[in-house]
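A.B. asks: Sequential numbering of the sequence shown, starting at 53, is according to our numbering. First, the structure itself, so that you have it in front of you.
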Amino acid sequence: MYRNGIEFPELSYMELQAATLGLLQNLLLPGLNTIIDSDHRLLWSWQAEFLLSRHVEYLAAPRERELRQLLQIAVRCALADSMPPWATREQWEEMRANSQKMEFNLRELRSHFLFRLR
53 MYRNGIEFPE LSYMELQAAT LGLLQNLLLP GLNTIIDSDH RLLWSWQAEF
103 LLSRHVEYLA APRERELRQL LQIAVRCALA DSMPPWATRE QWEEMRANSQ
153 KMEFNLRELR SHFLFRLR
């Protein structure tokens with residue numbers, strides 16, 4: 053499931069911080085090349101699931117509703133074109149073909165939204 057063998061939901065808070073820092077170190081390489089692999093997406097999806105859970109009080113105050121919605125939108129845009137790492141080649145090809153059929157502006161928003169927030 054996880055390329056590096058670490059299952060993020062099983063980590064303690066300190067271990068999750070270390071995993072986050074470790075994956076961030078290889079996210080932006082020299083020459084401003086960005087490499088995002090399945091572990092990045094799995095980590096981001098787990099962190100978002102944890103932070104946005106109904107059982108967690110992070111961003112739960114009424115005055116933080118818009119921040120919570122923005123985080124939800126950012127995470128969904130970042131993960132919109134991802135497939136599970138166990139997906140078959142045929143599933144990847146089908147996703148790619150469907151992406152080409154998508155309206156251009158929506159495809160651009162999906163592909164670049166997260167990077168424009170940085």
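By construction, the Cβ of each residue, glycine as well, lies at the ideal position given by its N, Cα and C atoms. Nothing here was measured: the structure is a model prediction, and the numbers come from that model.
1. With Arg-86 and Leu-76 assumed to form a contact (beta carbons below 8 angstroms), what rounded beta-carbon distance in angstroms separates them?
2. From what residue to what residue does the alpha helix (DSSP H) around Glu-146 run?
3. Would you kindly work out how many angstroms separate the C-alpha atoms of Glu-118 and Glu-62, rounded to a whole number?
4. According to DSSP, is Asn-157 helix, strand or coil?
5. Which same chain residues, not among the five before or five after Ser-151, have their C-beta less than 6 angstroms away from its C-beta?
6. By DSSP, does Leu-169 sit in helix, in strand, or in coil?
7. How is Leu-94 classed by DSSP in three states: helix, strand or coil?
8. So, with DSSP's three-state summary, where would you put Leu-104?
9. Would you kindly report the start and end of the unbroken alpha helix (DSSP H) that includes Ile-58?
C.D. replies: Short version:
1. Position 34 of the sequence shown holds residue 86. Position 24 of the sequence shown holds residue 76. According to the sequence shown, residue 86 is Thr rather than Arg. Incorrect: roughly 11 angstroms between the Cβ atoms, too far for contact.
2. Taking the first residue of the sequence shown as 1, we reach residue 146 at position 94. Where Glu-146 is concerned, the enclosing alpha helix (DSSP H) stretches over 141-153.
3. As a first step, residue 118 is located in the sequence shown; it is residue number 66 there, counting from the start. As a first step, residue 62 is located in the sequence shown; it is residue number 10 there, counting from the start. Each residue's alpha carbon lies about 30 angstroms from the other.
4. As a first step, residue 157 is located in the sequence shown; it is residue number 105 there, counting from the start. Looking at Asn-157 - three-state DSSP - the assignment turns out to be helix.
5. Here the question's residue 151 lines up with position 99 in the sequence shown. No residues qualify anywhere along the chain.
6. Sequence index remark: in the sequence shown, residue 169 carries index 117 (1-based). Bear in mind that a pLDDT of 43 at Leu-169, under 50, signals an unreliable position, so the model cannot answer this.
7. Counted from its first residue, the sequence shown places residue 94 at position 42. Of the three classes helix, strand and coil, the one that applies to Leu-94 here is helix, per DSSP.
8. Counting from one through the sequence shown, the residue named residue 104 turns up at place 52. Note: Leu-104 maps to coil in three-state DSSP.
9. Residue 58 sits at position 6 when you count from the first residue of the sequence shown. Counting along the chain, Ile-58 falls outside any alpha helix (DSSP H), and DSSP gives it neither H nor E.
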